[in-house]
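Novice:
2 protein chains.
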Amino acid sequence: MGADTVLSAPPAAAGRRPANRRAQILDAAARRFRRHGYSAASMRDIAGDVGMLAGSLYHHVASKEDLLVAVHEEGIRRISAAVTAALAGVEGPWRRLEAAAAAHLSVLLEGGDYAVVVLRELPRDLPAVRRRLAPLRDAYEDLFRGLVDELPLAAGTPRRHARLMLMGALNWSQSWYRPGGDPPAAIARSFVALLRGTA
Amino acid sequence: MGADTVLSAPPAAAGRRPANRRAQILDAAARRFRRHGYSAASMRDIAGDVGMLAGSLYHHVASKEDLLVAVHEEGIRRISAAVTAALAGVEGPWRRLEAAAAAHLSVLLEGGDYAVVVLRELPRDLPAVRRRLAPLRDAYEDLFRGLVDELPLAAGTPRRHARLMLMGALNWSQSWYRPGGDPPAAIARSFVALLRGTA
DNA sequence: GTCTATAGCAAGATAGAC
DNA sequence: GTCTATCTTGCTATAGAC
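Here the protein sequences come in this chain order: A and B. Under our numbering, think of the first position of the first sequence as 268, with each following residue one higher. Under our numbering, think of the first position of the second sequence as 268, with each following residue one higher.
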């Protein structure tokens, strides 16, 4: 790639501004969904955050539900990318699980609003949204299922429970974590060690 | 107490109906808060569930926020009562932790709407509600802190992380649990065993 | 691509009759 | 203790000017 060219970018212009209006909208939506919850967040406020009025939003997104789906998709994409990257070149089943857990937790606790929305804002009364997102979430879950399957556990150890315990502990940490305490990677390491029995 | 008298009950009457109108309202609110989330649940629907109109609700509760606080208080009370009862007469630190975890999980997964609301519906943008509930939640947390402190863990084991891991795994289970799978007590036993390193 | 303007509706809460 | 009626406000979404 040439240094000054960007694939699929708008034609170069001296003072071009737009770049990605939609991305700004997604950022604002993720933030509002996280702070106030999906149904308490308003399209007006999201629009205001990016400097437009409510009506103008609908030029970029079809509905509030679509906006929620888009935030989830981006969030899952980011988490998956971080975990996949963290696994590259790491050997040994326990080390791999620890690397994945640390990456998962880092994105969750320090990765911004998208990941938090993915975990907390999937309203029960929007079945259409849940249906659209189910495959993505399942695929991510499979990633950890594979990692746990590789562990050299004592025969009879319930691998499903081990996975659910670790993931539950990691995901729930978002409700007690405060910046300034143990860093995400340390928490993840600790949880994996406790699971391994070598804390 | 005499068999036919009840402390602090309304004066006995042949066909008395009211008994506990407020309790019915709380039940309906807990259900609606759980199903739709606090902000998507409407006072109109809650009123309708108990056969009255929206305005009449305000004879029993001061506001929607008060209703949420009341549901939380009742939920925490139920969970605490179940765990305390489960601990009675149980000896041995691991057995006690397991009993508490099983009781906690049973209420959470099979105890109805109150407990679920306690875990899931504490909106970030209602600081007044959070303030009012903080002491209750902390007191409950202390109960498990005490149980974990009693465990004979290897020196250096991070007890705080052990507690957070277990509680996180238990609390998160509400997002994947489906009736008909492993019963709550079995899940709790499994998690405690994994923590203990004897799965 | 953003604006103005508004349709159409539902929300929380209150006042006063009964 | 419940109802009727309503105030006030906020919401999602659309239509059409610019």
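Beta carbons: idealized from backbone N, C-alpha and C, even for Gly.
Can you tell me the Cα-Cα spacing of P446 (chain A) and D409 (chain B), whole angstroms?
Specialist: 22 Å
Novice: Skipping 5 residues on each side, what residues in its chain have a beta carbon closer than 8 Å to that of A279 (chain B)?
Specialist: Per-residue confidence for A279 (chain B) stands at a pLDDT of 43, beneath the threshold of 50, marking its modelled position as unreliable; no derived number is given.
Novice: Say whether chain A places a C-beta atom closer than 7 Å to the C-beta of P446 (chain B).
Specialist: no
Novice: Quick check on the DSSP output: what are the complete alpha helix (DSSP H) runs of length 4 or more inside the stretch 310–381 of chain A, in order along the chain?
Specialist: 310–316, 321–324, 331–354, 360–377
Novice: Hey, F300 (chain A) and E388 (chain A): beta-carbon distance below 7 Å or not?
Specialist: yes
Novice: Report buried or exposed for A281 (chain B), applying the criterion of at least 16 other Cβ atoms within 10 angstroms of its Cβ.
Specialist: Because the pLDDT of A281 (chain B) is 40, which lies under 50, any placement of that residue in the model is unreliable, and the number read from its coordinates should be weighed accordingly. In summary, A281 (chain B) is exposed, with fewer than 16 beta-carbon neighbours lying within 10 Å of its beta-carbon over all protein chains present.
Novice: Between which two residues does the alpha helix (DSSP H) holding Q291 (chain B) run?
Specialist: 288–303
Novice: By the 10 Å Cβ neighbour count, where 16 or more other Cβ atoms means buried, how is P451 (chain A) classified, buried or exposed?
Specialist: Per the 10 Å Cβ criterion, buried.
Novice: Is there a C-beta anywhere in chain B that falls below 7 Å from the one on A307 (chain A)?
Specialist: yes
Novice: With the cut-off set at 7 Å, would you say A370 (chain A) and A348 (chain A) are in Cβ contact?
Specialist: no
Novice: State the Cα-Cα distance for the pair G315 (chain A) and A321 (chain A), rounded to the nearest angstrom.
Specialist: 7 Å
Novice: Buried or exposed: R298 (chain A), going by 16 or more other Cβ atoms within 10 Å of its Cβ?
Specialist: buried
Novice: Note down, in chain order, every chain A residue with its Cβ under 8 Å from the Cβ of R302 (chain B).
Specialist: R391, D392
Novice: Just the chain B side, please: which residues come within less than 7 Å of P432 (chain A) by C-beta, in chain order?
Specialist: Before going on, a small fix: residue 432 (chain A) reads as Met here, not Pro. Chain B residues near M432 (chain A): A436, F458, L461.
Novice: Which whole-angstrom value is the C-beta distance of H317 (chain A) and Q291 (chain A), which I expect to be below 8 Å?
Specialist: Looking at the sequence itself, residue 317 (chain A) is Val, so the reference to His does not match. The pair is a contact, with the Cβ atoms about 5 Å apart (cut-off 8 Å).
Novice: Going by Cα to Cα distance, which pick from A:M310, A:R456, A:P402 is closest to L335 (chain A)?
Specialist: A:M310
Novice: Flag this pair as yes or no: are the beta carbons of S442 (chain A) and S306 (chain B) separated by less than 7 Å?
Specialist: no
Novice: When DSSP labels each residue in this structure, what does W439 (chain B) get in the three-state scheme?
Specialist: Note: W439 (chain B) maps to helix in three-state DSSP.
Novice: Do L414 (chain B) and R363 (chain B) have their CB atoms nearer than 7 Å?
Specialist: It is a contact, given that the beta carbons lie within the stated cut-off.
Novice: Classify A436 (chain A): buried if its beta carbon has 16 or more other beta carbons within 10 angstroms, exposed otherwise.
Specialist: buried
Novice: With a floor of 4 residues, list each alpha helix (DSSP H) that falls wholly inside the stretch 390–444 of chain A, ordered by position along the chain.
Specialist: 394–416, 426–439
Novice: Could you check the C-alpha separation between D271 (chain A) and N287 (chain A) for me, to the nearest Å?
Specialist: Model confidence at D271 (chain A) stands at a pLDDT of 46, short of 50, so the residue's coordinates are unreliable; what they give is reported in the following sentence. Separation of D271 (chain A) and N287 (chain A) (C-alpha to C-alpha, rounded to the nearest whole angstrom) is 18 Å.
Novice: Look at the alpha carbon of G464 (chain B) and the alpha carbon of G464 (chain A), and state the distance between them as a whole number of angstroms.
Specialist: 5 Å
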